[in-house]
Structure formats: C-alpha cells, structure tokens
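Trainee: Residue numbers for the sequence shown follow this note's numbering, so the first one is 3 and each next one is one higher.
I'd like to ask some things about the structure below.
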Amino acid sequence: MKRKVAIIGAGVSGLAAIRSCLEEGLEPTCFERSDDVGGLWKFSDHTEEGRASIYRSVFTNSSKEMMCFPDFPYPDDFPNFMHNSKLQEYITSFATEKNLLKYIQFETLVTSINKCPDFSTTGKWEVTTEKNGKKETAVFDATMICSGHHVSPHLPKDSFPGLNRFKGKCFHSRDYKDPGIWKGKRVLVIGLGNSGCDIAAELSHVAQQVIISSRSGSWVMSRVWDDGYPWDMLVITRFQTFLKNNLPSAISDWWYTRQMNARFKHENYGLMPLNGTLRKEPVFNDELPARILCGTVSIKPNVKEFTETSAVFEDGTVFEAIDCVIFATGYGYAYPFLDDSIIKSRNNEVTLYKGIFPPHLEKPTMAVIGLVQSLGAAIPTTDLQARWAAQVIRGTCILPPVSDMMDDIDEKMGKKLKWFGNSTTIQTDYIVYMDELASFIGAKPNILWLFLKDPRLAIEVFFGPCSPYQFRLVGPGKWSGARNAILTQWDRSLKPMKTRVVGGVHKPCLYSHLLRLLAVPVLLIALFLVLI
C-alpha cells in the first residue's frame, strides 16, 4: 500500500512536497486554509488570521532564472524581477501543469497534529482538520509541514518604553497594504529589513516625512548588478562560494565589504551594519538610497522611548508629531497545530536536522519544508528539501543516529555564529546547503567530471549562475531539458528587456568576471611575496 502523507499548506513549499511525494510513489493529501495556491504570494487586500500577508507593491528579490522550479522555467517574456501577481500566475501554472490541484483540500484548516498511540513503532500521525465548522481526524503515515515562517508577526512592544502612551496608530508591517491613507503624514518605521525599507520608500512618495529606526544597520543591495545584469546571476555562483569559503578570512571579509559598498558608501547614509563582515541577509532596495538623498527618508538609531506624540532616539534626537508607527520587525516561528517541543526540542530553539527533520522523533516521519533562509531563492530550496524528505519518508534514504544529527546541528550552529552572528538563525549558505541536500539523493552535479565530459556546460555550472536547473541534471528526478536550460538561461534573462532593439544581445563574459574576481587576491599574494 502507498504511504499516506499529510501536507500542511499549498504555497510553494506545499506544491514542491506534493510533487515530490508523487515522484516517490507516496500518496499526498494537502490541506490549505485559503481557497487558492500560492501561500505568501497570493495577495489579499486584507490580512487573514493564520495566513501570510504581503503588500500590494511587492516584487521578488530573486530573478526568474534563479527562483524557478528546476524543471519548469518561467516564460521567456516574464520580467526578471516579478510583481507578486506575476509570480502567482507562475505558481498557479505550475500546479496546473503538474496536475497537483486534485491533491489539495482547500478552505480546510489543520487544527492539530498528534502522534498516534503506537507512534514509536509505526511513526503515524493523527491529523485533525476543520472545514465549514466540521472537524475530522485522519491517520497518516507521515506529515510535511509547509506553512512557512511569515505568519506569526513579531511585535516587540515591551522593548519600547512609553509605547503604551503613544496616541498615534501602531501596527505590524503585515497589516500594511498600500500608501494611500498616509498621504501628508509623518511615519516612523521600526526595522531595516526588506519590508521596512520597501514600505518606507513607497510611503516617502506621499507622506510628509518618513524615518526608519534601525538598531544594527544593514547592507542595502540593488537588484541591478554589474553591467546591469540581475544581481543573483552574478553573485550566487559556485566560483564565488568557493572563494568565500577558501580565501583567508581577512581577504574574504575585505572583498565582501567592498562588494557591498560598491554602489554607495553605507557610512554616509547611516546604513552601515554594526558588524559589516557578517553575512546577514542584506536588504534589496533599488530606491532607498535615492529617497535618502532626496530627504524624504531619514535613518535613525534605535528608539529609546516614546511619548504621546513623538519618539526619542538613542542619540538624543526626537521625531515629533508622529501619525503612525509601523513595526517591520519580522516574524516568529509558530505552528499552533503542533506541540512546540517537536520543532523546538532544545532550549526553546528551532532544532532540526538539516533544517528539516526533528532529530528526537522515534521515526523520521515528519519534515518541515521551507524553514530556512539564504541569499538563494525559496522555490528551488524547498524543491530540493521536499525531494530528500520524500525519499526519507519512503525509506530510500536513511537518517543517521540521533547523536550524529545533534552533533551536526551543533556544528552548524557554530558556523552560523561565525558567518551570521547568531547561532539560532534559520539563515544558511545557499550553495553549500543545496549541494549537501543534493548529495543525499544523488542529484549533486560532479563538476570535475563535467569539465572532462562537457566543458561548455561545466564552465556555466561553475562560473555562471547556480541556477535551479543544476539540481535536475543527474540523479532521481533528472530532467532532460536541464542542460539546455542552463546554456540558454542568459537568453531568457535578457529577452524581456529587448523591447527596443538597438544592437545585439550582450551576455556577460564569464572569463572577464573570473579575472576581475581573481585580480585582488592575486595582487595581495604577490605583494605578500615581495614583502617577505
């Protein structure tokens, strides 16, 4: 008999899980509380309890060639960075083309997931759902949690003395939809993440004054990178990852800081991170520096205290007559249908093997998909997570002993502390993580073998963008179109911009980029040799 798998959520993680289960001969049933697929990317003009929420103007930070399902490229004419409606169109198309919709029970809320009494021997789960006021409980051989981590807003009101006296409006960024009602107002945004910067830049076109308060600063990157190409197609490469992880720390840190400061000097704009060498996730915003230059957005340090109408910052300055405070302070990791101790099994911290499996379960029949964050895109990450998870559930892949899993978790926490400044962050190194998961299922491309067998492809794979197609070149789920997709990815990237033909298509020269990247370390090594 096919093993039955309950999947919670029909966003990109849930769709990846459904497809992976089908590829492994499992029987998926997906429960989605809304009436459509898309999860986070399904825009609604009002917030809904228990659902992720985005504002009307959200665009993607990853380009289309880097954020597709690995065997399902975007149409050629889709823009590189898409409005949320365009991405939702793609997600719907994927679900339809792959015939996934029939496995989804819409408008069905999962209220609880509990171990069956015989869990230690069977690994089965009791899943209770509610639809139209009626509750039902069913038993499943495994569960895949795909409800995301942008649902439970983190609103640290206790960290701001006097906020209870503030008479203006105060809300979390998940409740923000559009700027219209704030015309002519004075707005304070708490937090310098992607949402905070997007909202502040958008409001600055209609509001009288917008101030962003930041405790620690942040690097701000542009979607438009060297020579006008999408940032991630030049930055997220195997070659750059190799250099970052193998160069001496002093050189790697200097190179990273120089790269982040290439567009503008963050010190001059009040944006400089407290520790600029940490690889914390940067902010992507093409407009913020210009809004600061124009004076419609200002950057201030952390708020020391609030009064009835103003905010006093730690540097002693005051923002008077505030109409609204927007907390862009991120989200917590909450699964109200699940016992917290399963996901947070140690010191109330998220404790998952490879960011997916709770290590202390007697049977590896629960997987959390999508609870990681990196410079890379979510779609290919969740696709690879789901492929490995489905093989573990099926029994094709075996997890190591609990002690080994905990040792690995501890080792990763140490690396996270070094790279990101926080051992409990869900952030990870994209290519290293993807290669690790791919190696478990035999889908990691062998670069050395490729250089011998197919040098043209090898050059694109190693020096070019680490696009999702690379993880469908070999192994289970191999896609026959992966090689061609990799060799033509720049064509699809450039096509939507060629609306006025003024010459030939200019693709980046990988060798030129290689020489540019190598120039600095080579010069430093040469200088060192001369001095000794």
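We put the beta carbon where it would ideally sit given N, CA and C, even for glycine.
By Cβ distance below 8 Å, which residues in the same chain neighbour Ile-411 in space, the five residues on each side in sequence not counted?
Mentor: Translated into positions along the sequence shown, residue 411 becomes position 409. Correct list, in chain order: Thr-353, Leu-354, Tyr-355, Pro-361.
Trainee: Kindly indicate the opening and closing residues of the beta strand (DSSP E) around Met-146.
Mentor: Locating residue 146 in the sequence shown gives position 144, counting from the first residue. Note, Met-146: beta strand (DSSP E), 144-147.
Trainee: Quick check on this structure: which residue in Val-237, Gly-297, Leu-157, Ile-238 has the alpha carbon closest to the alpha carbon of Gln-211?
Mentor: Counting from one through the sequence shown, the residue named residue 211 turns up at place 209. For the residues Val-237, Gly-297, Leu-157, Ile-238, the minimum Cα distance to Gln-211 belongs to Gly-297.
Trainee: What does the alpha-carbon distance come out to for the pair Phe-244 and Ile-433?
Mentor: Residue mapping note: residue 244 aligns to position 242 of the sequence shown, counting from 1. Residue mapping note: residue 433 aligns to position 431 of the sequence shown, counting from 1. Going by the C-alpha atoms only, they are around 10 Å apart.
Trainee: Between Thr-239, Phe-442, Asn-270, Tyr-271, which has its C-alpha nearest Ile-488's C-alpha?
Mentor: Taking the first residue of the sequence shown as position 1, residue 488 is located at position 486. Of the candidates Thr-239, Phe-442, Asn-270, Tyr-271, the one whose C-alpha sits nearest the C-alpha of Ile-488 is Thr-239.
Trainee: Measure the alpha-carbon distance for Asn-196 versus Val-285 and round it to whole angstroms.
Mentor: Numbered from its first residue, the sequence shown carries residue 196 at position 194. Numbered from its first residue, the sequence shown carries residue 285 at position 283. Taking the straight line joining both Cα atoms gives about 5 Å.
Trainee: Among Leu-157, Glu-307, Val-222, Phe-142, which has the Cα closest to the Cα of Arg-260?
Mentor: Translated into the one-based positions of the sequence shown, residue 260 becomes position 258. Arg-260 has its Cα closest to that of Val-222, out of Leu-157, Glu-307, Val-222, Phe-142.
Trainee: What's the call for Asn-287, buried or exposed, on a 16-neighbour Cβ count within 10 Å?
Mentor: Along the sequence shown, read from residue 1 onward, the residue named residue 287 stands at position 285. Buried, because 16 or more other Cβ atoms sit within 10 Å of the Cβ of Asn-287.
Trainee: State the start and end residues of the unbroken beta strand (DSSP E) segment that holds His-174.
Mentor: Here residue 174 refers to the residue found at position 172 of the sequence shown. For His-174, the uninterrupted beta strand (DSSP E) run begins and ends at 171-174, by DSSP.
Trainee: In terms of residue numbering, what span does the beta strand (DSSP E) encompassing Ile-183 cover?
Mentor: Taking the sequence shown and counting its residues from 1, one reaches residue 183 at position 181. First-last for Ile-183: undefined, no H or E at that position.
Trainee: If we ignore side chains and look at the alpha-carbon of each, how far apart do Gly-10 and Phe-339 end up?
Mentor: If you number the sequence shown from 1, residue 10 lands on position 8. If you number the sequence shown from 1, residue 339 lands on position 337. Residue identity check: residue 10 is Ile in the sequence provided, not Gly. Computed Cα separation, rounded: 10 Å.
Trainee: Put Leu-536 into one of helix, strand or coil per three-state DSSP.
Mentor: Any question about residue 536 goes unanswered here, given that the chain covers just 3 to 534.
Trainee: Can you find a heavy atom of the ligand NAD that lies under 6 Å from the Cβ of Ile-192?
Mentor: This structure lacks the ligand NAD; in fact it carries no ligand of any kind.
Trainee: Suppose the cutoff is 7 Å on Cβ atoms and the five residues either side in sequence are ignored; what does the same chain contact list for Thr-427 look like?
Mentor: Locating residue 427 in the sequence shown gives position 425, counting from the first residue. Closer than 7 Å at the Cβ level, and outside the excluded window around Thr-427, lie Lys-418.
Trainee: So, Leu-102 versus Leu-17, is the Cβ gap smaller than 7 Å?
Mentor: Along the sequence shown, read from residue 1 onward, the residue named residue 102 stands at position 100. Along the sequence shown, read from residue 1 onward, the residue named residue 17 stands at position 15. Yes, they are a contact pair.
Trainee: Evaluate Trp-233 with the Cβ neighbour count: other Cβ atoms within 10 Å of its Cβ, from every protein chain shown; 16 or more gives buried, anything less gives exposed.
Mentor: For this step, residue 233 is matched to residue 231 along the sequence shown. Flag for Trp-233 reads buried.
Trainee: Within its chain, find whatever has a CB closer than 8 Å to the CB of Leu-276; leave out the 5 residues flanking it on each side and keep chain order.
Mentor: Reading the sequence shown from its first residue, position 274 is the one you call residue 276. So the list reads Ser-218, Gly-219, once near-sequence residues are dropped.
Trainee: For Met-69, collect the residues of the same chain with a Cβ closer than 6 Å to its Cβ; drop the 5 residues on either side in sequence, then sort them by chain order.
Mentor: Here residue 69 corresponds to residue number 67 of the sequence shown, with the count starting at 1. The residues are Ala-379, Ile-381.
Trainee: What did DSSP end up calling His-508 once you bin it into helix, strand or coil?
Mentor: For the purposes of this step, residue 508 is taken as the residue at position 506 of the sequence shown. Coil at His-508, not helix or strand.
Trainee: I think Tyr-271 touches Ile-301, with their Cβ atoms under 8 Å apart; what is that distance to the nearest whole Å?
Mentor: To locate residue 271, count along the sequence shown from 1; it is residue 269. To locate residue 301, count along the sequence shown from 1; it is residue 299. Between Ile-301 and Tyr-271 the Cβ distance is about 7 Å, and since that is below 8 Å, they are a contact.
Trainee: If you draw a straight line from the alpha carbon of Ile-449 to that of Val-463, how long is it in whole angstroms?
Mentor: The residue you call residue 449 lines up with position 447 of the sequence shown. The residue you call residue 463 lines up with position 461 of the sequence shown. Their backbone Cα atoms lie some 8 Å apart in a straight line.
Trainee: Just confirm the distance between the C-beta atoms of Glu-26 and Ala-392, as a whole number of angstroms; I'd bet it's less than 8 Å.
Mentor: By 1-based counting over the sequence shown, the position of residue 26 is 24. By 1-based counting over the sequence shown, the position of residue 392 is 390. With a Cβ gap of about 4 Å, Glu-26 and Ala-392 count as contacting.
Trainee: At the level of alpha carbons, what is the spacing between Arg-281 and Thr-430?
Mentor: Locating residue 281 in the sequence shown gives position 279, counting from the first residue. Locating residue 430 in the sequence shown gives position 428, counting from the first residue. Rounded to whole angstroms, Arg-281 to Thr-430 spans 9 Å at the Cα level.
Trainee: Distance, Cα to Cα, Asp-177 vs Ile-400?
Mentor: Numbered from its first residue, the sequence shown carries residue 177 at position 175. Numbered from its first residue, the sequence shown carries residue 400 at position 398. Approximately 43 Å between the Cα atoms of the pair.
Trainee: Do Asp-325 and Lys-187 have their CB atoms nearer than 7 Å?
Mentor: Here residue 325 is taken as the residue at index 323 of the sequence shown, counted from 1. Here residue 187 is taken as the residue at index 185 of the sequence shown, counted from 1. With a cutoff of 7 Å on beta-carbon distance, Asp-325 and Lys-187 are scored as near each other.
Trainee: Using only the alpha-carbon positions, how far apart do Ala-8 and Arg-293 sit?
Mentor: Counting from one through the sequence shown, the residue named residue 8 turns up at place 6. Counting from one through the sequence shown, the residue named residue 293 turns up at place 291. When rounded, the distance between both Cα atoms is 47 Å.
Trainee: Apart from the five residues just before and just after Lys-497, which ones in its own chain have a Cβ nearer than 6 Å to its Cβ?
Mentor: Your numbering for residue 497 matches position 495 in the sequence shown. Excluding sequence neighbours, Lys-497 sits near Asp-78.
Trainee: Considering Thr-298, what are the terminal residues of the beta strand (DSSP E) in which it resides?
Mentor: Here residue 298 refers to the residue found at position 296 of the sequence shown. Counting along the chain, Thr-298 falls outside any beta strand (DSSP E), and DSSP gives it neither H nor E.
Trainee: Can you give me the C-alpha to C-alpha distance between Asn-247 and His-152, rounded to a whole angstrom?
Mentor: Along the sequence shown, one-based indexing puts residue 247 at 245. Along the sequence shown, one-based indexing puts residue 152 at 150. A straight-line Cα-Cα distance of about 30 Å links Asn-247 and His-152.
Trainee: Could you tell me whether the Cβ atoms of Ser-224 and Arg-265 are closer together than 7 Å?
Mentor: As a position in the sequence shown, residue 224 is number 222, starting the count at 1. As a position in the sequence shown, residue 265 is number 263, starting the count at 1. Their beta carbons are under 7 Å apart, which means Ser-224 touches Arg-265 by this criterion.
Trainee: Can you have a look at Trp-492 and say buried or exposed, based on whether 16 or more other CB atoms are within 10 angstroms of its CB?
Mentor: Reading the sequence shown from its first residue, position 490 is the one you call residue 492. Residue environment analysis places Trp-492 among the buried positions, since at least 16 neighbouring C-beta atoms fall within 10 angstroms of its C-beta.
Trainee: Short check: CB of Trp-390 to CB of Ile-443, under 7 Å?
Mentor: Numbered from its first residue, the sequence shown carries residue 390 at position 388. Numbered from its first residue, the sequence shown carries residue 443 at position 441. Yes. Within cutoff.
Trainee: DSSP three-state call for Asn-116: helix, strand or coil?
Mentor: Indexing the sequence shown from 1 puts residue 116 at position 114. If DSSP states are grouped into helix, strand and coil, Asn-116 belongs with the strands.
Trainee: Check His-362 in the structure and name its three-state DSSP category.
Mentor: Indexing the sequence shown from 1 puts residue 362 at position 360. Reduced to three states, the DSSP call for His-362 is coil.
Trainee: Looking at the structure shown, is Phe-442 part of a helix, part of a strand, or coil, going by DSSP?
Mentor: By 1-based counting over the sequence shown, the position of residue 442 is 440. Of the three classes helix, strand and coil, the one that applies to Phe-442 here is helix, per DSSP.
Trainee: Please list, in chain order, all residues of the same chain as Met-235 whose beta carbon is under 7 Å from its beta carbon, the five residues on each side excluded.
Mentor: As a first step, residue 235 must be located in the sequence shown, where it is residue number 233. Hits under 7 Å: Ser-65, Glu-67, Met-68, Pro-467, Ser-495.
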